[in-house]
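Visitor:
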Amino acid sequence: MTNDFQESANSESIFTHLQSLPCDEQDFSKDKIYCFKTIDSTNLYAKKLLSENDINQLDKTLILAETQTAGRGRLNRNFYSPAKTGIYLSIIYSPEKQVVNPAEITAYSAVAVVRAIKNIFNVDVKIKWINDLYHNNKKIGGILTEGFINYKTNTIDAVIIGIGINISTQNMPEDISNKAGSILADKNENFSINKFGAEIYYQVLKILKENPEEIIDEYKKSLFTIGQKITVHPIIDDEKTSYEATAIDIDKNANLIVQLEDKSIKVLNSGEVSLHI
Ligand code: BTN
12 MTNDFQESAN SESIFTHLQS LPCDEQDFSK DKIYCFKTID STNLYAKKLL
62 SENDINQLDK TLILAETQTA GRGRLNRNFY SPAKTGIYLS IIYSPEKQVV
112 NPAEITAYSA VAVVRAIKNI FNVDVKIKWI NDLYHNNKKI GGILTEGFIN
162 YKTNTIDAVI IGIGINISTQ NMPEDISNKA GSILADKNEN FSINKFGAEI
212 YYQVLKILKE NPEEIIDEYK KSLFTIGQKI TVHPIIDDEK TSYEATAIDI
262 DKNANLIVQL EDKSIKVLNS GEVSLHI
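Numbering (the working numbering), first residue to last: 12 to 288.
1) Let me check you understand the geometry: is the CB of Leu61 closer than 7 Å to at least one non-hydrogen atom of ligand 1?
2) Going by the CB atoms, is the gap between Ile178 and Thr96 shorter than 8 Å?
3) Examine the Cβ distances between the stretch 143 to 150 and the stretch 160 to 172 and report whether three or more of them are shorter than 8 Å.
4) Going by the C-beta, is Tyr99 closer than 7 Å to any heavy atom of ligand 1?
5) Any heavy atom of ligand 1 closer than 7 Å to the beta-carbon of Ile151?
6) If you follow the alpha helix (DSSP H) that Thr117 is in, where does it begin and where does it stop?
7) For a test of the three-state rule: what should DSSP assign to Ser290, helix, strand or coil?
8) Taking Cβ positions, are Val124 and Ile211 nearer each other than 8 Å?
9) From Glu221 to Ile154, what does the alpha carbon distance come to, in whole angstroms?
10) Taking just the CA atoms, how far does Val136 sit from Gln181?
11) Looking at ligand 2, does it come within less than 7 Å of Asn54, judged from the CB to the closest heavy atom?
12) For Pro223, which of helix, strand or coil comes out of DSSP?
13) Consider the C-beta atom of Ser193 and the heavy atoms of ligand 1; say whether any pair is separated by less than 7 Å.
14) Would you call the CB atoms of Ser204 and Ala20 closer than 8 Å?
15) Among Lys58, Ile174, Ser105 and Ile268, which one has its Cα closest to the Cα of Gln239?
16) Have a look at Asn54 and Ser275 and give me their C-alpha separation to the nearest angstrom.
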């Protein structure tokens with residue numbers, strides 16, 4: 012049985028849903044909500060907007076698509092983005108103060124998405140450091156945060172927070188069929204892409220104003236990586252050899268602290284490693 016949503020992504024409808032949430036009215040404007048039936052990638056569209064417009068004017072822009080033909084995940088992986096069964100969106104964040112660490116934004120956004128899924132579907136989601144969202148031991152979504160770099164000043168002028176979630180997606184491609192799942196799986200429940208999109212957008216903008224220490228505490232509570240034996244795969248620099256470790260904590264910058272077999276401690280940045288649990 013499928014439970015595809017029937018409504019189309021629509022900025023008017025998203026805006027109406029936002030107005031029923033306890034939002035800061037100044038945060039939202041209909042002009043900053045872009046909806047597409049199909050797009051290559053909402054993150055790519057965000058980059059295009061950022062390269063063609065005044066970056067400050069684009070802060071809090073939402074781009075949402077019903078399907079993506081070239082959805083991307085971390086480490087240049089594809090993100091399977093079929094129509095009618097998932098949600099694919101990007102939020103541009105370009106605050107006045109400079110963004111130093113996009114990894115922190117990823118962690119905060121993960122907590123925001125966990126809250127949004129709980130509110131809309133009453134489903135508990137777990138996080139695999141740093142950006143993967145899990146339900147019933149299957150990956151149901153992820154977050155790809157990309158910095159928009161100003162090469163003249165070497166600063167990150169904006170961050171694109173890309174969020175993809177499988178809501179009722181079944182029939183996954185063979186290469187991910189063992190590990191990918193969806194929020195509703197085979198439950199036959201209706202959902203509204205516009206209501207869910209508005210909730211995610213609202214929760215992300217809200218969390219970006221909250222106290223980082225408290226968000227990291229909440230992040231840790233949803234994390235299933237701590238205490239696990241993991242394989243660490245370095246993805247940059249000369250150190251290319253994988254190694255075994257135990258994840259022991261997260262620091263205030265969303266880095267993962269691990270203990271190696273020789274008892275030494277390492278602090279891992281998500282830009283440097285990928286994990287296998
Ligand atoms: C991951 O699992 O590694 C992250 C997946 C992020 C996918 C989302 S879907 C919306 C946005 N546009 C993209 O191309 N990617 C992100």
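For each residue, glycine too, the CB sits at the ideal point set by N, CA and C.
Guide: Considering the structure as presented:
1) Within the sequence shown, the letter at position 50 stands for residue 61. Checking every heavy atom of ligand 1 against the Cβ of Leu61, none is found closer than 7 Å.
2) Position 85 of the sequence shown, counted from the first residue, corresponds to residue 96. Position 167 of the sequence shown, counted from the first residue, corresponds to residue 178. Taking 8 Å as the Cβ cut-off, Thr96 and Ile178 qualify as a contacting pair.
3) no
4) Indexing the sequence shown from 1 puts residue 99 at position 88. Yes, the beta carbon of Tyr99 sits closer than 7 Å to at least one heavy atom of ligand 1.
5) Sequence index remark: in the sequence shown, residue 151 carries index 140 (1-based). No.
6) Taking the sequence shown and counting its residues from 1, the one referred to as residue 117 is at position 106. Thr117 -> alpha helix (DSSP H) spans Pro113 to Phe132.
7) An answer regarding residue 290 cannot be provided, because it is not within the stretch 12 to 288 covered by the chain.
8) Within the sequence shown, the letter at position 113 stands for residue 124. Within the sequence shown, the letter at position 200 stands for residue 211. Their beta carbons are under 8 Å apart, which means Val124 touches Ile211 by this criterion.
9) Numbered from its first residue, the sequence shown carries residue 221 at position 210. Numbered from its first residue, the sequence shown carries residue 154 at position 143. Rounded to the nearest angstrom, the two C-alpha atoms are 19 Å apart.
10) Within the sequence shown, the letter at position 170 stands for residue 181. Within the sequence shown, the letter at position 125 stands for residue 136. Gln181 and Val136: Cα-Cα distance of roughly 18 Å.
11) No copy of ligand 2 occurs in the structure displayed; its ligands are ligand 1 alone.
12) Within the sequence shown, residue 223 is the residue found at index 212, counting from 1. Three-state DSSP puts Pro223 in a helix.
13) The residue given as residue 193 occupies position 182 in the sequence shown. No, the Cβ of Ser193 stays beyond 7 Å of every heavy atom of ligand 1.
14) Within the sequence shown, residue 204 is the residue found at index 193, counting from 1. Within the sequence shown, residue 20 is the residue found at index 9, counting from 1. The question names Ser, but residue 204 is Ile in the sequence shown. It is a contact, given that the beta carbons lie within the stated cut-off.
15) Your numbering for residue 239 matches position 228 in the sequence shown. Considering only alpha carbons, the answer is Ile268.
16) Translated into positions along the sequence shown, residue 54 becomes position 43. Translated into positions along the sequence shown, residue 275 becomes position 264. Going by the C-alpha atoms only, they are around 38 Å apart.
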